[in-house]
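Novice: According to this note's numbering, the sequence shown is numbered sequentially starting from 175.
By construction, the Cβ of each residue, glycine as well, lies at the ideal position given by its N, Cα and C atoms.
Questions regarding the structure given below will be posed in turn.
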Amino acid sequence: MKKISVAVVMIMGFFLFIGGNLSALAQKSNKVKTTSIQPYRLEISFLKTSNIVFPQAIVSVDRGSRDILVQKAKGVENILQIKAAKEDFQETNLTVVTADGKINSFVINYSKQPAMLNLSLTDDVYKPGTVFLSPEHINKYETEIYAQKALTSKNRVKRITDVKFGMLLQLNGIFIQNNLLYARIKIENFSNLNYDVEQLRFFIRDKKKSKRTASQENEVMPVFAYQNTDKIIGKSAQNMVFSLPKFTIPDDKLLIIQLMEKNGGRHLELEVNNTTIVKSTVLPKI
Numbered sequence: 175m176k177k178i179s180v181a182v183v184m185i186m187g188f189f190l191f192i193g194g195n196l197s198a199l200a201q202k203s204n205k206v207k208t209t210s211i212q213p214y215r216l217e218i219s220f221l222k223t224s225n226i227v228f229p230q231a232i233v234s235v236d237r238g239s240r241d242i243l244v245q246k247a248k249g250v251e252n253i254l255q256i257k258a259a260k261e262d263f264q265e266t267n268l269t270v271v272t273a274d275g276k277i278n279s280f281v282i283n284y285s286k287q288p289a290m291l292n293l294s295l296t297d298d299v300y301k302p303g304t305v306f307l308s309p310e311h312i313n314k315y316e317t318e319i320y321a322q323k324a325l326t327s328k329n330r331v332k333r334i335t336d337v338k339f340g341m342l343l344q345l346n347g348i349f350i351q352n353n354l355l356y357a358r359i360k361i362e363n364f365s366n367l368n369y370d371v372e373q374l375r376f377f378i379r380d381k382k383k384s385k386r387t388a389s390q391e392n393e394v395m396p397v398f399a400y401q402n403t404d405k406i407i408g409k410s411a412q413n414m415v416f417s418l419p420k421f422t423i424p425d426d427k428l429l430i431i432q433l434m435e436k437n438g439g440r441h442l443e444l445e446v447n448n449t450t451i452v453k454s455t456v457l458p459k460i
């Protein structure tokens, strides 16, 4: 009888030991490690462009408000240029994801005279101000040749046009080659007033707008521009081609091509659906 009692005590002790360890493990598993991402504070101006240098290539940009304008610096992948779309806008934010998976958060405020115009986020592994050229597989020479072919091609998509304020913005061709899309754009100025281009943007947006449309915009950054210009003289037209990384979009979203006038209000916008994109014409190999 004594032997049985000892055995029972040993078995109970074993289960209590196992139970205690399982409880401790459960408590540990419930403790999820969280890290707060502290945003950078940045002042921007309406008349001056600010530059942010990242240690890696930029893969995604999200604006908290349309009151700020952003674009990647021409020919490089890790410099973001930012300026105000209007003066004295309300505080907003900006989120940038880089190729290393890092999320960079910014709180943006307006200042007529920003204390700093160039911000470098590069760490000790990188030399300050390092720039990353477009990926090696994007051959600038070949891209320019294909852009020329796209410009002169007789193939056309169903024209998508916005006409107002004596201005025309039109997408009349979309092509593909080497994992790049080539969007052929026409801008025409019917008025006597010159049109100074502030920015020509490409971004993806939901078809159905909510009250917070800005948070649903995803920038598509051109990697090359052919015959691009910053001024459309009165009574003239300009044709150009923009090379974009290949992509498709869900049926509930649109590619938006937006033209904004510098120091003016003649803004135009095109809505391109996925059907148009997937019908891209293949450019002949060079």
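Might you give, ordered along the chain, the residues of its own chain that have their beta carbon closer than 7 Å to the beta carbon of residue 259, omitting 5 neighbours on each side?
Specialist: By 1-based counting over the sequence shown, the position of residue 259 is 85. Contacts found: 240, 241, 242 and 243.
Novice: Less than 7 Å between the C-beta atoms of residue 379 and residue 391, yes or no?
Specialist: Translated into the one-based positions of the sequence shown, residue 379 becomes position 205. Translated into the one-based positions of the sequence shown, residue 391 becomes position 217. Taking 7 Å as the Cβ cut-off, residue 379 and residue 391 qualify as a contacting pair.
Novice: Can you list, in chain order, the residues of its chain with a C-beta nearer than 7 Å to that of residue 427? Leave out the 5 residues immediately preceding and following it.
Specialist: Mapped onto the sequence shown, residue 427 falls at position 253. If we look at residue 427 and ignore the five residues flanking it on each side, its Cβ neighbours are 378, 379, 380 and 381.
Novice: For a quick check, are the C-beta atoms of residue 371 and residue 336 less than 7 Å apart?
Specialist: By 1-based counting over the sequence shown, the position of residue 371 is 197. By 1-based counting over the sequence shown, the position of residue 336 is 162. No; because the gap between Cβ atoms is not below 7 Å, this pair is not in contact.
Novice: Quick check on the burial criterion: 16 or more other C-beta atoms within 10 angstroms. Buried or exposed for residue 347?
Specialist: For the purposes of this step, residue 347 is identified with residue 173 of the sequence shown, where counting begins at 1. With a 10 Å radius around the Cβ and a threshold of 16 neighbouring Cβ atoms, residue 347 comes out buried.
Novice: Distance check for residue 450 and residue 231, CA to CA, integer angstroms please.
Specialist: The residue you call residue 231 lines up with position 57 of the sequence shown. The residue you call residue 450 lines up with position 276 of the sequence shown. About 29 Å.
Novice: Tell me whether residue 381 counts as near the ligand ADP, meaning its Cβ is closer than 6 Å to at least one heavy atom of that ligand.
Specialist: Although the ligand ADP was asked about, the structure shown includes no ligands whatsoever.
Novice: Within 10 angstroms of its Cβ, does residue 236 collect 16 or more other Cβ (buried), or is it exposed?
Specialist: To locate residue 236, count along the sequence shown from 1; it is residue 62. Label assigned to residue 236: buried.
Novice: So for residue 338, helix, strand or coil by DSSP?
Specialist: Indexing the sequence shown from 1 puts residue 338 at position 164. Strand.
Novice: Would a C-beta distance cut-off of 7 Å place residue 356 and residue 406 closer than the cut-off?
Specialist: Counting from 1 along the sequence shown, the entry for residue 356 is found at position 182. Counting from 1 along the sequence shown, the entry for residue 406 is found at position 232. No.
Novice: Are the CB atoms of residue 263 and residue 214 within a distance shorter than 7 Å?
Specialist: Counting from one through the sequence shown, the residue named residue 214 turns up at place 40. Counting from one through the sequence shown, the residue named residue 263 turns up at place 89. In this structure, residue 263 does not lie closer than 7 Å to residue 214 by Cβ.
Novice: Just how far apart, CA to CA, sit residue 340 and residue 436?
Specialist: Your numbering for residue 340 matches position 166 in the sequence shown. Your numbering for residue 436 matches position 262 in the sequence shown. Using only the alpha carbons, I get a separation of about 16 Å.
Novice: Would you give the residue range spanned by the beta strand (DSSP E) that residue 422 belongs to?
Specialist: As a working note, residue 422 is residue 248 in the sequence shown. Looking at the DSSP string, residue 422 is not in any beta strand (DSSP E), and its letter there is neither H nor E.
Novice: Indicate the three-state DSSP secondary structure (helix, strand or coil) for residue 405 in the structure shown.
Specialist: In the sequence shown, counting from the first residue as 1, residue 405 sits at position 231. Judged by DSSP in its simplified three-state form, residue 405 adopts strand.
Novice: Give me the residue from 359, 366 and 342 with the minimum Cα distance to residue 327.
Specialist: The residue you call residue 327 lines up with position 153 of the sequence shown. Looking at the Cα atoms, 359 is the closest of the given residues.
Novice: Excluding five sequence neighbours on each side, which residues of the same chain lie with their C-beta closer than 7 Å to the C-beta of residue 286?
Specialist: Locating residue 286 in the sequence shown gives position 112, where the first residue counts as 1. If we look at residue 286 and ignore the five residues flanking it on each side, its Cβ neighbours are 219.
Novice: State buried or exposed for residue 307, treating a residue as buried only when at least 16 other CB atoms are found within 10 Å of its CB.
Specialist: Start at 1 with the first residue of the sequence shown, and residue 307 comes out as number 133. Because residue 307 sits at a pLDDT of 42, beneath the cut-off of 50, its placement in the model cannot be relied upon, and the following sentence gives the value as read from the coordinates. With fewer than 16 Cβ atoms within 10 Å of its Cβ, residue 307 is classed as exposed.
Novice: Return the Cβ separation of residue 345 and residue 431 in integer angstroms, given the expectation that the two are a contact with Cβ distance under 8 Å.
Specialist: The count along the sequence shown starts at 1 and reaches residue 345 at position 171. The count along the sequence shown starts at 1 and reaches residue 431 at position 257. Rounded, the Cβ-Cβ distance is 6 Å, consistent with contact.
Novice: What residue range is occupied by the uninterrupted alpha helix (DSSP H) comprising residue 225?
Specialist: Position 51 of the sequence shown, counting from 1, holds the residue named residue 225. Segment 224 to 227 is the beta strand (DSSP E) holding residue 225; no alpha helix (DSSP H) there.
Novice: Is the Cβ-Cβ distance between residue 444 and residue 334 less than 7 Å?
Specialist: Counting from one through the sequence shown, the residue named residue 444 turns up at place 270. Counting from one through the sequence shown, the residue named residue 334 turns up at place 160. Against a cut-off of 7 Å, the Cβ pair of residue 334 and residue 444 comes out as a contact.
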